Structures are given as structure tokens and as C-alpha cells.
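Colleague:
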Amino acid sequence: MPDLLTEAQSHFPYTQALRRDFHAHPELGFNEIRTGGIVTKELESLGMEVTKGIGKTGIVGLLEGGKPGATLLLRFDMDALPILEETSAEYASQNSGVMHACGHDGHTAIGLTVAKILNAHKSEIAGNIKFCFQPSEEGANGEEIGGAEMMIKDGVLENPKVNMTLSMHLWNEKPLGWVHVAKGPVMAGAEEFKIKIIGRGGHGAIPEAAIDPIVCAAQIVSAAQTIVSRNIAPTETAVVSFTVIHSGTAFNVIPQELTMQGTIRTFEPKVRETVIRRFEEIVDGIASAMGCLAEVDVKRLTPALINSAEITAKVQEAAHLVLPHANHDQSPYMTMGAEDMAFMQEKVDGCYFFIGSNNKEKHLDYGHHHPKFDFDEQALVNGVALMSAAAMNILK
Ligand SMILES: [Zn+2]
Ligand SMILES: [Zn+2]
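Heads up: the sequence shown begins at 101 in the numbering used here, then just goes up one per residue.
#1: Please confirm if the region 461–469 is in contact with the region 419–431, defined as three or more CB-CB distances below 8 Å between the two stretches.
#2: Note down the Cα distance separating residue 418 from residue 493, rounded to an integer number of angstroms.
#3: Considering only DSSP beta bridges, list what residue 361 is partnered with.
#4: Below 8 Å, how does it come out for the region 175–190 and the region 125–134: are there three or more Cβ pairs, yes or no?
#5: Helix, strand or coil, according to DSSP, for residue 151 in the structure here?
#6: Residue 402 by DSSP, collapsed to three states: which one?
#7: So what does residue 497 bridge to, in DSSP terms?
#8: At the level of alpha carbons, what is the spacing between residue 364 and residue 263?
#9: Quick one, are the C-beta atoms of residue 285 and residue 156 less than 9 Å apart?
#10: Going by the beta-carbon positions, is the gap between residue 158 and residue 251 smaller than 9 Å?
#11: How far does the alpha helix (DSSP H) with residue 218 in it extend, from its first residue to its last?
#12: Cβ of residue 255 within 9 Å of Cβ of residue 154?
#13: CA-CA distance, residue 481 and residue 187?
#14: Within a Cβ cutoff of 6 Å, which residues of the same chain sit near residue 193, ignoring the five residues on either side of it in sequence?
#15: Below 8 Å on the Cβ atoms is my guess for residue 399 versus residue 359; work out the distance and round it to an integer in Å.
#16: Can you tell which of 437, 132, 207 has the C-alpha that lies nearest to the C-alpha of residue 195?
In C-alpha cells:
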């Protein structure tokens with residue numbers, strides 16, 4: 101394998117300039133027009149075949165290797181967040197109220213640098229590489245579905261058919277030099293639930309003539325706590341959180357109805373199904389026992405992000421080769437956060453890895469989505485080196 105760490109280091113000025121430019125000009129999900137324009141121009145300058153408009157503002161570049169083989173998709177997300185930036189960086193957002201507070205500016209810059217490096221090595225590559233620049237990872241932003249699902253709908257996994265995927269996140273929860281590549285579930289599946297409890301309104305002093313949706317909701321909130329404690333094995337993980345309850349207008353009136361919202365998070369598909377089934381049973385059963393009518397809507401937002409053992413082993417091998425001095429972590433690192441790359445990895449085997457990016461001495465250690473979020477740009481080099489090495493190790 102070529103010395104890809106040295107190559108990544110020599111391309112650092114290019115990566116950094118792109119990252120700072122994207123950072124200064126952030127765009128929200130499905131509005132990545134300027135960003136996508138730069139991505140297109142850079143990929144075309146390498147002689148790549150570029151397709152625009154895959155998933156609205158998504159861009160796909162196809163690199164054909166010198167030898168026949170499988171098709172590997174590398175995915176980089178491009179969208180920013182509706183946050184007013186509070187860093188005093190010289191490259192701070194010039195688009196007030198919009199900010200790259202998750203590091204996707206870095207991901208896009210890494211993707212373009214990896215394209216440049218792998219293009220120079222294409223004769224050594226057995227297969228095709230699809231460079232997938234995805235819009236709207238942070239949510240659907242007014243559309244029915246988010247960026248990954250939208251790209252799948254528009255055929256990103258076909259023609260040529262994608263056999264494997266790689267993707268990554270700069271990770272400010274961990275320091276520069278930490279690299280996490282682990283098999284199995286790494287990010288949680290997320291659902292959003294909405295419940296409406298319909299009772300019968302009445303006077304607060306005459307409860308026997310009313311059906312109280314508030315008492316019913318209180319039983320549901322308590323009983324739902326038993327899903328994690330009684331229905332899920334202690335070695336498994338799940339979260340059920342009620343985050344919104346609305347009802348009532350006056351101190352002496354039993355309201356007619358009540359609405360609640362919240363979220364469910366799980367890693368294992370079997371646990372996910374159990375939690376959703378028990379949740380619906382508890383809401384329906386308690387409501388009916390209390391004489392209320394319940395409407396439950398569990399909207400499945402994102403499945404868990406699960407890494408293939410086989411592909412992960414190849415990425416781990418590449419990580420040790422290309423980043424010998426890194427702090428390699430292969431432990432099951434699970435974050436309850438969700439990631440829409442899970443939709444692609446649900447259909448095609450893949451590996452999603454994390455590159456540590458904080459630097460406490462430089463005060464670059466605010467968490468993702470914080471208005472002061474920023475990372476140590478040396479992490480870009482690690483991301484470029486590992487993504488390039490992993491792709492070459494898989495398609496060798
Ligand atoms: Zn984010
Ligand atoms: Zn992110």
C-alpha cells in the first residue's frame with residue numbers, strides 16, 4: 101500500500117482551505133447549492149463522471165479503478181445546522197443563523213481530498229468507487245425523508261450496484277489521535293412517538309362524571325418505564341423518554357384530552373421491535389382500562405447503524421497500517437445519537453468509523469451542535485488517510 105498518511109499530510113493545505121470555505125458558507129439540508137457546486141467542480145477536475153440531483157442536492161462521482169472488482173460507496177454529508185455561530189474563528193459562518201456545528205464541512209473536505217488521492221492511485225484499484233456527497237443528514241428539513249433515504253430513492257445504490265459502503269464522523273467527544281473502528285451496532289436507532297388520550301371533560305370537583313386523561317397519562321408514563329427495566333435484558337440497551345405533555349386549561353376543569361410526545365432509542369433490531377410492541381400494548385391497554393381512547397403513532401425515524409464484521413476487519417487492518425501512532429479503539433462504542441447512514445447500511449454491508457477531533461489545550465472541545473463547536477483540523481489528515489487506506493485495502 102502507498103504511504104497514504106504522507107499523501108494526506110501533503111494535501112492538508114487543500115483539505116483545510118476547502119473546510120474553511122465550507123465553514124464560512126454553511127447551507128442547510130437540501131439547500132447545499134454552493135457546496136454541491138464546489139464538489140462537482142472538484143470531482144470534474146479529476147476527470148470523474150459526476151451526477152447531480154441524486155436526492156435533490158446530492159452529488160455522486162464515479163471513479164473506475166484500473167482492474168475489475170466490486171463497487172464501494174464512500175459517503176460524506178454536506179449539510180449545516182440552524183445555529184447562530186459563537187466561535188470567533190476567522191472562518192466563522194458568514195450566513196447568520198446557519199452553522200457547520202457538526203463537522204460536515206470537514207467531511208466534505210475529506211471526501212474531496214480522498215477523491216484526489218484515490219484518483220491518482222486508480223490503476224491499483226480493483227473495482228469502482230462511488231463518491232457520495234449527501235445532503236440533509238441532520239433531518240428531513242421540511243421534506244418527507246432525509247438525505248440518505250432520498251439518495252437511495254433516487255438510485256444511489258444502483259448502476260453500478262453498490263456492494264459495500266464506508267462512512268465516518270469527526271468526533272469531538274474524543275481527542276485528536278483517537279480512532280474508533282468497531283463491528284456491530286455503533287449508533288442507535290431512533291423513533292418519535294405521539295400519543296393522544298381522549299377522555300371526557302368535566303368539573304374538577306365531580307370526577308365521577310368525567311374520564312380523566314391526565315390520570316391515564318400518568319399511569320402510561322409510569323408503566324412505560326417497565327419496558328426497559330422488565331422487558332429488555334439487563335445486557336441490552338434502550339431508552340424510552342417522554343419529552344412533551346400537553347393538557348388542560350383551568351384549575352377546576354378535567355380536560356377532554358391530552359397529547360404526549362417522546363422518543364425511543366435502541367441498538368439491536370430485535371430490541372427495537374420488542375420496545376415498540378410493548379410501548380403500543382401499554383398505551384392501548386392502560387387507556388382502555390382507564391376508560392379512555394388512545395391514538396398511538398410511533399414514527400420510525402432511523403434504524404440503528406450496524407457495522408459489518410468483515411468490512412470492519414479490513415478497515416481496522418488499514419487503520420493500523422496507515423495510522424500506526426493512533427490510539428486505536430475497537431471496543432463497542434455506542435452513542436444514543438442517530439445517523440441516517442443507517443438506511444444505506446441496512447441495505448448494503450458497510451463500516452462507519454469515528455475520528456477523534458477535540459483538542460482541550462486549544463479549547464477546541466465543545467460538543468457537536470454547540471454554537472462554539474470547532475475541531476482540531478489535524479483530524480482531517482487522519483480522516484483522509486484512513487478513508488483512502490480503507491478503500492484501497494477493500495478494493496485491492
Ligand atoms: Zn449532527
Ligand atoms: Zn453529524
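From the three backbone atoms N, C-alpha and C, an ideal C-beta is built for every residue, glycine too.
Keep in mind it's a predicted model, so treat the numbers as computed, not measured.
Modeller: For this structure:
#1: no
#2: 6 Å
#3: 294, 344
#4: yes
#5: strand
#6: strand
#7: As displayed, the chain neither begins before 101 nor continues past 496, which places residue 497 out of reach and without an answer.
#8: 31 Å
#9: no
#10: yes
#11: 204–220
#12: yes
#13: 22 Å
#14: 126, 185, 199
#15: At roughly 14 Å, the Cβ-Cβ gap does not stay under 8 Å, so residue 399 and residue 359 are not in contact.
#16: 132
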